[in-house]
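Letter by letter, the sequence shown follows residues 441 to 733 of my numbering.
By construction, the Cβ of each residue, glycine as well, lies at the ideal position given by its N, Cα and C atoms.
Since the structure is predicted, the reported quantities are computational estimates derived from the model, not experimental observations.
Input: a single structure, listed below in structure tokens.
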Amino acid sequence: MTNPLGVHALVWTGGWTPEEAELAISSTAKAGYDLIEIPALDPSRIDVADTKARLDAHGLQAGLSLGLTLDTDINSEDPAKVERGRATLMAALDVTRGVGAGYLGGVLFGALAKYPGPTTEQARRNSAAVIKELAQEAAKDNITVGLEFVNRYESNLLNTVQQTLDFLDLIDESNAVVHADVYHMNIEENGFRKPFLLCGDRLGYVHIGESNRGYLGQGTIDFDEVFGALADMDYTGPITFESFSSAVVDPQLSNTLAVWRNLWSDGMDLATHARSFMADGLEQARATRGSRG
Ligand code: MN
Numbered sequence: 441m442t443n444p445l446g447v448h449a450l451v452w453t454g455g456w457t458p459e460e461a462e463l464a465i466s467s468t469a470k471a472g473y474d475l476i477e478i479p480a481l482d483p484s485r486i487d488v489a490d491t492k493a494r495l496d497a498h499g500l501q502a503g504l505s506l507g508l509t510l511d512t513d514i515n516s517e518d519p520a521k522v523e524r525g526r527a528t529l530m531a532a533l534d535v536t537r538g539v540g541a542g543y544l545g546g547v548l549f550g551a552l553a554k555y556p557g558p559t560t561e562q563a564r565r566n567s568a569a570v571i572k573e574l575a576q577e578a579a580k581d582n583i584t585v586g587l588e589f590v591n592r593y594e595s596n597l598l599n600t601v602q603q604t605l606d607f608l609d610l611i612d613e614s615n616a617v618v619h620a621d622v623y624h625m626n627i628e629e630n631g632f633r634k635p636f637l638l639c640g641d642r643l644g645y646v647h648i649g650e651s652n653r654g655y656l657g658q659g660t661i662d663f664d665e666v667f668g669a670l671a672d673m674d675y676t677g678p679i680t681f682e683s684f685s686s687a688v689v690d691p692q693l694s695n696t697l698a699v700w701r702n703l704w705s706d707g708m709d710l711a712t713h714a715r716s717f718m719a720d721g722l723e724q725a726r727a728t729r730g731s732r733g
């Protein structure tokens, strides 16, 4: 059993001109990864044919990710915002399909933002209705839709695995899955093992990041527990490294994620280190499978 290992494009570049796409895709391949995650907060900035050709040339898989804004928030009672969010998600799905990717994930269910108050039942229902429609459209091309629950400062709707599983029950589409990110779990869950096991086969995508989103192993995340849980549950889906530094800036995403500090400057050193860290951690966890309780 091996998981496709991925890296987020913001390790390489904050933009997506043909030159930036080439840098990100070729560097991802050179660092030994199977998959690149391409941010699609603005789907229109991605040249679909150009990106697909570069992915094919380097033999890489791709996933697309985004979070909505407060202006395109489907987790809202305002029908105009919900419609704008729906349009953004459908455009992102077009790009996902167009570049030949099999995965669209992130904070698809609402704004990636610090909300001024709690969500409402109507806003939650509006979000679920759009995500159900998105999942049904995505299923036509065998595309998986991942809901990435995030910490309380970045969503008021889905902050935990349990909330995400309950929301997925409401959506009731088999290609809609849990997208778990250990950076967010570290803030909101009591640990890693139980929430991962709770997902079972509804876990479809994993983000690996350190507690400060820098070099793996230099923060406080218990990666033995993380990789142990993934090995014990026989998770075979993608595992993607996510890290952010002020050395590489996407004006929209970096500000939303509060990337104010320079945690690294050499993306290749960071990415090759992370790939070994994840591959070694997973291999070790598989070798000791059954020894954890
Ligand atoms: Mn993430």
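- Sixteen is the threshold: when 16 or more other Cβ atoms of the shown chains lie within 10 Å of the Cβ of D672, as they do, the residue is buried.
- A698 sits exposed, since fewer than 16 C-beta atoms from the chains shown fall within 10 Å of its C-beta.
- Taking 7 Å as the cut-off, one finds no heavy atom of the ligand MN near enough to the beta carbon of D690.
- Burial check for D674: the Cβ neighbour count within 10 Å stays below 16, so the residue is exposed.
- Taking 8 Å as the upper bound for CB-CB distance, S595 and V547 are in contact here, some 6 Å apart.
- Looking at the DSSP output, F636 sits in no beta bridge, so it has no partner there.
- Measuring C-alpha to C-alpha distances from H624 to each of W456, D609 and V646 identifies V646 as the nearest.
- Short note on D621: C-beta closer than 7 Å to some heavy atom of the ligand MN.
- Ranked by Cα distance from T559, the options E573, V585, L598 and A531 are led by L598.
- The beta carbon of S685 lies closer than 6 Å to those of N702, L703 and W704 in the same chain, with the five residues before and after it left out.
- G507 places its beta carbon less than 8 Å from that of A551.
- The region 471-546 contains, as complete beta strand (DSSP E) runs of 3+ residues, the segments 475-479 and 501-508 (chain order).
- According to DSSP, D621 shares a beta bridge with H647.
- If you look at G707, you'll find it in the alpha helix (DSSP H) that goes G707 to A727.
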